[in-house]
Amino acid sequence: MPGRMLLVAGGTGGHVLPAVAFGRWVSENHPSVDVGYMSGTRPMELDIYRASSIKPMTVSMEGSPFGAPRGRRVKRWLDLIGAFHHAGALIRNFAPDICVMFGGYISAPALVYSRIKGIRSVMHEQNASAGRVTRLARTLGVPVASGWEVCAPFGRSDFTFVGVPIRGLRIMDRDAAWRSLDLPGRVPDGPIVVVMTGSLGSVPVRDIITALAQRDEFLDWTFLVNDSRAATPAKYLVNMFLVPARWDISPVYSAADMLVVRGGASTLSEVKATQIPAVVIPWSAAAGDHQRKNAMLMDDPERVRVWDENRGSIDELTGLLRGFELFRPASGDQITEKMYNLADAICERLWNFMASNGIGLCALKGDDNIGG
143 MPGRMLLVAG
153 GTGGHVLPAV
163 AFGRWVSENH
173 PSVDVGYMSG
183 TRPMELDIYR
193 ASSIKPMTVS
203 MEGSPFGAPR
213 GRRVKRWLDL
223 IGAFHHAGAL
233 IRNFAPDICV
243 MFGGYISAPA
253 LVYSRIKGIR
263 SVMHEQNASA
273 GRVTRLARTL
283 GVPVASGWEV
293 CAPFGRSDFT
303 FVGVPIRGLR
313 IMDRDAAWRS
323 LDLPGRVPDG
333 PIVVVMTGSL
343 GSVPVRDIIT
353 ALAQRDEFLD
363 WTFLVNDSRA
373 ATPAKYLVNM
383 FLVPARWDIS
393 PVYSAADMLV
403 VRGGASTLSE
413 VKATQIPAVV
423 IPWSAAAGDH
433 QRKNAMLMDD
443 PERVRVWDEN
453 RGSIDELTGL
463 LRGFELFRPA
473 SGDQITEKMY
483 NLADAICERL
493 WNFMASNGIG
503 LCALKGDDNI
513 GG
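Everything in the sequence shown is counted per our numbering, starting at 143 for the first residue and increasing by one.
See below:
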């Protein structure tokens with residue numbers, strides 16, 4: 143007998159992309175399961191779903207009331223109250239057997255409604271520091287799967303490490319990647335540093351890279367900086383391009399000898415999978431300082447180094463980048479296969495975690511062909 147699974151994720155790519163990755167894995171490996179998605183109405187999250195050819199159920203919410211600008215807090219609270227009713231109606235209509243929440247403000251009404259109605263549910267926390275909704279989920283007795291082996295402030299018995307579901311990335315020929323990014327001319331001879339500043343972008347990081355690119359040590363290097371405001375690739379300096387944000391990320395990784403990234407869990411999980419050397423610049427204003435905590439858990443100091451944008455110097459950042467060996471994969475196909483295998487393994491661990499907690503569809507339906 144088929145079952146229904148509702149995946150709830152919104153806010154930023156760090157929440158939405160793991161949900162999409164897991165949903166695709168379920169559809170490919172357990173095709174009897176009807177997978178649905180729920181999100182808020184923030185343009186960025188809808189763009190991610192659209193790029194993934196997914197049309198989610200949407201609840202009229204554009205952000206959390208916590209930390210909102212003072213003039214918008216009242217509206218955000220009213221939106222949240224209304225979202226409980228709207229989310230409830232959508233969940234009733236979809237009638238899921240299982241609700242899997244991947245965070246973001248949209249997970250709060252889905253969590254509460256699922257508990258009230260007795261819908262089996264699980265929470266996936268991508269970061270090393272649990273967000274508000276994850277802490278509420280644990281208080282309500284919802285099992286928590288974690289993207290890292292640490293999930294503060296929980297003890298080890300309060301969560302299960304499974305990893306962060308990642309996209310199946312394809313490492314392609316560098317010339318093909320350059321063309322796919324619509325960059326002019328031929329691939330430059332010197333090192334290429336790809337700078338990914340997160341779903342929301344980061345002007346401070348772009349400014350740091352602008353200063354870095356003009357130093358004598360980097361005049362023969364090329365910097366590709368993602369910029370959410372850029373409509374088309376544009377040369378910013380002689381050795382620096384601004385590249386529009388994109389959700390098909392394979393050409394971006396394929397072009398890189400090195401990376402400069404924020405400390406979002408999805409990005410760091412992909413960095414770990416690709417093994418491209420990276421300098422991580424955690425966003426210091428991230429809730430619970432989770433980006434720094436994520437970065438400190440990266441277990442390959444030869445390939446991943448952390449730089450503090452508030453305390454570190456440009457000289458220090460220069461040394462970190464210049465100290466890396468260039469990333470030249472012997473076989474893009476081998477790297478691609480390894481990443482797909484890792485992506486499958488993470489999703490399978492999450493599926494099995496659900497089954498072990500009595501949340502898998504086999505526990506609900508008694509069908510060995512469906513459960514984990």
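Think of the CB as a built atom: it goes at the ideal place given N, C-alpha and C, for glycine as much as any other residue.
Since we're looking at a predicted model, the values are computed, not measured.
First through last residue of the beta strand (DSSP E) which encompasses residue i
i	result
residue 368	364–369
residue 377	376–379
residue 262	262–267
residue 288	286–288
residue 179	175–181
residue 420	420–422
residue 186	Taken as a continuous stretch (DSSP letters only), residue 186 belongs to no beta strand (DSSP E), being part of the alpha helix (DSSP H) at 185–193.
residue 463	From DSSP, residue 463 is part of no beta strand (DSSP E) but of the alpha helix (DSSP H) over 456–464.
residue 384	382–386
Contact set for residue i: own chain, Cβ-Cβ below 6 Å, skip 5 residues either direction
i	result
residue 435	270 and 271
residue 514	For residue 514, the predicted structure reports a pLDDT of 35, less than 50, and the residue's modelled location is therefore unreliable. A value from the coordinates is still provided. Once the five neighbours on either side are set aside, the close Cβ partners of residue 514 are 493, 494, 497 and 502.
residue 489	164, 167 and 307
residue 377	383
residue 303	288 and 291
Residue range of the unbroken alpha helix (DSSP H) whose run includes residue i
i	result
residue 309	Counting along the chain, residue 309 falls outside any alpha helix (DSSP H), and DSSP gives it neither H nor E.
residue 432	432–438
residue 251	249–259
residue 412	407–416
Nearest-angstrom beta carbon gap, residue j and residue i [assumed within contact, 8 Å]
i	j	result
residue 422	residue 398	Residue 422 to residue 398, Cβ: 14 Å. No contact.
residue 354	residue 459	6 Å
residue 236	residue 165	Incorrect: roughly 14 Å between the Cβ atoms, too far for contact.
residue 418	residue 401	5 Å
residue 369	residue 386	7 Å
residue 389	residue 404	In fact, because the Cβ distance is near 16 Å, the residues do not count as touching under 8 Å.
residue 243	residue 253	6 Å
residue 332	residue 364	6 Å
For residue i, the three-state DSSP class (helix, strand or coil)
i	result
residue 296	coil
residue 93	Lying before the first or after the last residue shown, residue 93 is absent from the chain, which here runs from 143 to 514.
residue 448	strand
residue 153	coil
residue 345	helix
residue 330	coil
residue 198	coil
residue 166	helix
residue 321	helix
residue 240	strand
residue 302	strand
residue 271	strand
residue 404	coil
residue 499	coil
residue 357	coil
residue 314	coil
residue 453	coil
Cut-off 8 Å between Cβ atoms - residues of its own chain near residue i, not counting five sequence neighbours on either side
i	result
residue 248	150, 151, 152, 153, 180, 181, 182, 201, 203, 225 and 229
residue 273	245, 267, 429, 430 and 432
Quiz item: Taking one C-beta from the segment 255–269 and one from the segment 152–169 each time, how about it: are there three or more such pairs within less than 8 Å?
Solution: yes
Exercise. Report yes or no: do three or more beta-carbon pairs, one from the segment 403–410 and one from the segment 329–344, lie closer than 8 Å?
Key: yes
Quiz item: Counting Cβ pairs closer than 8 Å, one from the segment 481–494 and one from the segment 321–329, do we hit at least three?
Solution: no
Quiz item: Should the segment 357–370 be regarded as contacting the segment 294–307, the criterion being three or more beta carbon pairs within less than 8 Å?
Solution: no
Practice problem: Please determine if the segment 270–289 and the segment 187–198 are in contact, where contact requires at least 3 C-beta pairs separated by less than 8 Å. | Solution: no
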